[in-house]
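Encoded as structure tokens, the structure appears first; notes follow it.
Numbering (our numbering), first residue to last: 503 to 612.
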């Protein structure tokens with residue numbers, strides 16, 4: 503990833519952003535933790551967001567629906583439409599999958 507957040511010879515344009523109090527406190531806390539200015543934290547956040555949009559394979563929802571590059575759909579041992587929360591949980595944290603997940607069956611009447 504290009505390090506656009508580093509200072510370079512460039513012309514900067516001011517941007518005014520209105521933040522809720524809790525967002526402003528989060529920004530201050532991050533700036534203190536990272537020993538950066540609040541502006542640098544925002545610049546890094548923009549770069550991170552751009553990277554996640556540019557590379558969809560890093561986005562769990564896009565991997566889930568199979569549109570991320572290089573992803574192949576694998577059949578699930580359960581009904582993904584009926585158990586969509588479980589699918590999202592499995593994508594978000596594959597290590598937390600129950601070892602008996604494949605043995606679970608769909609309830610009737612659903």
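Where a beta carbon is used, it is the ideal one built from N, C-alpha and C, also for glycine.
{"Item": "Could you check which residue in 536, 540 and 533 has the C-alpha nearest to that of residue 517?", "Value": "540"}
{"Item": "CA-CA distance, residue 523 and residue 529?", "Value": "10 Å"}
{"Item": "Would you mind stating whether residue 597 and residue 589 have Cβ atoms separated by less than 8 Å?", "Value": "no"}
{"Item": "Classify residue 503: buried if its beta carbon has 16 or more other beta carbons within 10 angstroms, exposed otherwise.", "Value": "Confidence is the limiting factor: at residue 503 the pLDDT is only 44, short of 50, which leaves the residue's position unreliable, though a coordinate-based value still follows. Under this definition residue 503 is an exposed residue."}
{"Item": "Alpha carbon to alpha carbon, how far is residue 536 from residue 548? Give it in angstroms, no decimals.", "Value": "16 Å"}
{"Item": "Identify which residue in 584, 587 and 593 has its Cα closest to the Cα of residue 576.", "Value": "593"}
{"Item": "Who are the near neighbours of residue 519 in its chain, counting only those whose CB is closer than 6 Å to its CB and skipping five residues on each side?", "Value": "none"}
{"Item": "Should residue 603 be labelled buried (16 or more other beta-carbon atoms within 10 Å of its own) or exposed?", "Value": "For residue 603, the predicted structure reports a pLDDT of 46, less than 50, and the residue's modelled location is therefore unreliable. The matter cannot be settled from this model."}
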